[in-house]
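A.B. asks: Next up is a structure, given as structure tokens.
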Amino acid sequence: MNDQATVYPFFVKDCALIAIATGMRAQNLRELTERLREVEANCIFYHFWGGLLRPRFDNPEYHNDFAVWVAESLHNKALAEKLAAIDPSAFETVENLRNEVIETLEEELDEAEYPSWAKKDSLFDFLRCRLVIFDTKLTVSVPEDFVPLLPNLSLGSIFFHFIDGRRRNMNSLDDFRNWITSFGPSYENLDRRLGEICPYFTPLNKLREQLSQAFRLSFEGKPS
Amino acid sequence: MTDNGILDAYEAVAGKDVLDHLRQLARPLMGLRVVHVNSTRVGGGVAEILHKMVPLMQALGLDASWEVIEGDSVFYQCTKGFHNGIQGNRVDLPESYLKAYEETNRQSAETLADTLRHAEIVIIHDPQPAAMITHFPERKAQWVWRCHIDASRPFRPVWKYLREFIYQYDASIFSLAAFARRLPHPAYLIAPSIDPLHEKNIELERDEIEATYTQFQVDSNRPIILQVSRFDRFKDPLGVIQSYKTAKHFLPSLQLILAGGEASDDPEGKGVLNDVRLASGDDPDIKVLMLPGDAHRTINALQRIADIVLQKSLREGFGLTVAEAMWKKKPVIGGDTGGIRIQVINHHTGFLVNSPEGAALRIRYLLQNRDILNQMGEKARAFVHENFLITRHLREYLTLFFVLLYGDQERIEL
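Below is the structure:
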């Protein structure tokens, strides 16, 4: 085991999100592309990840709001598939993600013979969000202690540590993996298991199950 | 009910994790003075929510209260005009109406001055009390306008008049992004919710449900489709009858119940009801029910005896009858409009349709595939449990309070 004196405990936090209408709307792809250049980064983050914390069905056909709108309001399934394939967890910054979405839309605009328009009651509404983060008073000293704790963590905690963490940490890792790396190579197995969990396609309650399982399997048979 | 009693009651329905989350979120807000203001204590969705929202906030330790303003008949005629105008109907509001509106707001501001001056957050519901803000030029509280109406395409003169008041607020809340207006302050989005402990939604005894068949002379052995809504053209009751007739051609045992409120003095409502009766003809399997406004248990029982619930609106605000039916494990066939779109997840919790033919097709499909109907019902209940209960609504209010108190920053770490 390494020198754990340098390792800080894991402070478990929870969060709640509220959405805000920006008043910016788009009725066709050109407007969508133009507005995408202007909106704050938080807006892009919300339309890719915010669905996890708001009314949304667990298994949507498309996993980000841009793809859903292009499919349902512009009826352009091919473009919707391309947009849905943009996995936000693969981008180190929201700006890179923004550029990828714009690039995909521009490619379509270059090739499209005529622009599709959404009906007036089906415009794309650009939203942003505010995140309130609060302390749960729970602290964890070693990864093993997460085994009994994780199944009972709130979905807000899962969102904050597993999704939002990637935006906060310089190495783009979620909070769990970021913390585990501070122990050195001792938890490589756990790190590998966590790295294989894809947050983009999975609702938070399933993510919690997958995280719990990763921790449980990594420490199976080991005394806690 | 005691503070803990009410929280325990909701914990039993919404889940321990949900209530634990609320308790933690509310802890830093202990003692926060929040005042809700609207214009009626009984009747209507706003009063219904506040009856539970305020005690829940109190139980979580907030110093929450609810004030009601009252006006004369001219005031209410004026605010009814505002309501229609915000929804896009052309209305004519004479100067005398606007004077009555402003005078009622002035008097109410005087009556409530002490309470509102001591509040830290004031939530004004809908346009009725919206003009009160002008009488508190040195206010220290955060004033929020909570709009429960679809304001996306208002009748311009009405909005032009009201926005002079609305612009003075620190924030607004709308139910859906599509309902929001562009305003000089943040427009937060909080979807409405249903109360699982309201008479409309509580579990009923088997006997009470069974009695409904006899009361309304419907056959418990044959399939039943139901729409609960006002007799209003936007709710498309005639389209529902057309769907029923098309489906009945293939499923002769089908029964339809159209349950609505008593005919008001609204001439349009009476006209629609007459058209519905004409379209129903002498078909004994169509029941057109006129129910009093407080027939909550009856509506609850009707939703439970139905196999499928329809909300075939052509235009809809949020349409909480959809969530109410889904809570009772019913798949909903809904019009592809407004808030129905975020409740009915096509092919999962029901179907979104754009025509009577589409609705008929889905009715036939579900009644021929009972296993799918039941699966959809289960999914519908789970979806409402996660997203449309009052506990989610409360969580978003608490989150909003932090943003109001700490400033509009991207992340607020407590």
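Protein chains in written order, with our numbering: chain R, 809 to 1032; chain S, 69 to 482. For every residue, glycine included, the Cβ atom is placed at its ideal position computed from N, Cα and C. Values in this document were obtained by computation on a predicted structure and should not be read as measured data.
1. What are the boundary residues of the alpha helix (DSSP H) that includes R/Asn907?
2. Compare the C-beta of R/Ala827 against all C-beta atoms of chain S and say whether one is closer than 8 angstroms.
3. Anything in chain R within Cβ reach of S/Glu384, meaning under 7 angstroms, just list it in chain order.
4. So, with DSSP's three-state summary, where would you put S/Gly149?
5. Quick one, which residues of the stretch 938 to 949 of chain R are near chain S if we go by CB-CB under 9 angstroms, in chain order?
6. What number of angstroms, rounded off, separates the C-alpha of S/Glu188 from the C-alpha of S/Leu161?
7. Please go through the same chain and pick out, in chain order, the residues whose beta-carbon is closer than 6 angstroms to the beta-carbon of R/Val902, but skip the five residues on each side of it.
8. Between S/Ile480 and chain R, is there a C-beta pair that is closer than 8 angstroms?
9. For a cutoff of 8 angstroms on Cβ pairs, would you count S/Gln92 as touching chain R?
10. Classify S/Glu89: buried if its beta carbon has 16 or more other beta carbons within 10 angstroms, exposed otherwise.
11. Have a look at S/Ile458, S/Gln175, S/Leu473 and flag the residue whose alpha-carbon is nearest the alpha-carbon of S/Met125.
12. Would you report the Cα separation of S/Arg479 and S/Ala77, rounded to the nearest angstrom?
13. Is S/Ile262 buried or exposed, if buried means 16 or more other CB atoms sit within 10 Å of its CB?
14. Anything in chain R within Cβ reach of S/Thr459, meaning under 9 angstroms, just list it in chain order.
15. Are the C-beta of R/Asp933 and some C-beta of chain S separated by less than 8 angstroms?
16. Residue ranges of each alpha helix (DSSP H) run of no fewer than 4 residues wholly in the stretch 261 to 307 of chain S, ordered along the chain?
17. Output needed for R/Glu1028: all residues of its chain with C-beta closer than 8 angstroms, excluding positions within five of it in sequence on either side, in chain order.
18. The alpha helix (DSSP H) that contains S/Tyr256, what's its start and end?
19. Out of curiosity, what's the CA-to-CA distance linking R/Leu1025 and R/Glu1004?
20. So with CB distances below 8 angstroms, who are the chain S contacts of R/Asn850?
21. Enumerated in chain order, which unbroken segments of the alpha helix (DSSP H) with a length of 4 residues or greater are wholly contained in the stretch 823 to 904 of chain R?
22. Identify which residue in S/Tyr229, S/Val226, S/Leu251, S/Phe150 has its Cα closest to the Cα of S/Asp238.
23. Please report the straight-line C-alpha distance between R/Glu915 and R/Val909, rounded to a whole angstrom.
24. Flag S/Lys148 as yes when its Cβ comes closer than 7 angstroms to any non-hydrogen atom of the ligand NAP, and as no otherwise.
25. Do you know offhand how far R/Leu935's Cα is from R/Ile828's?
26. Would you say S/Thr108 faces chain R, with C-beta separation under 8 angstroms as the test?
27. Could you confirm whether any beta carbon from chain R is found closer than 8 angstroms to the beta carbon of S/Val471?
C.D. replies: Reading it off the structure:
1. 902 to 919
2. Taking Cβ atoms only, chain S reaches closer than 8 angstroms to R/Ala827, which makes this a yes.
3. Within chain R, no residue comes near S/Glu384; the closest Cβ sits about 10 angstroms away, beyond 7 angstroms.
4. helix
5. Arg938, Leu939, Val940, Ile941, Phe942, Asp943, Thr944, Lys945
6. 34 angstroms
7. If you ignore the 5 residues before and after R/Val902, its C-beta comes within less than 6 angstroms of the C-beta of Ala849, Ile852, Phe853, all in its own chain and listed in chain order.
8. yes
9. yes
10. A small correction: the amino acid at residue 89 of chain S is His; Glu does not occupy that position in the sequence shown. The residue is buried, with at least 16 neighbouring Cβ atoms inside 10 Å.
11. S/Ile458
12. Answer to the nearest angstrom: the Cα atoms are 32 angstroms apart.
13. buried
14. Neighbours of S/Thr459 on chain R: none; closest Cβ ~12 angstroms, over 9 angstroms.
15. Closer than 8 angstroms: yes.
16. Complete alpha helix (DSSP H) runs here, min 4: 274 to 283.
17. none
18. Taken as a continuous stretch (DSSP letters only), S/Tyr256 belongs to no alpha helix (DSSP H), being part of the beta strand (DSSP E) at 255 to 257.
19. 14 angstroms
20. Glu478
21. List check, alpha helix (DSSP H) in window: 837 to 846, 849 to 857, 873 to 880, 885 to 892.
22. S/Leu251
23. The alpha-carbon atoms of R/Glu915 and R/Val909 are separated by roughly 10 angstroms.
24. Ligands displayed in this structure: none; no statement on the ligand NAP is therefore possible.
25. 6 angstroms
26. no
27. Judged by the 8 angstroms Cβ criterion, S/Val471 is in contact with chain R.
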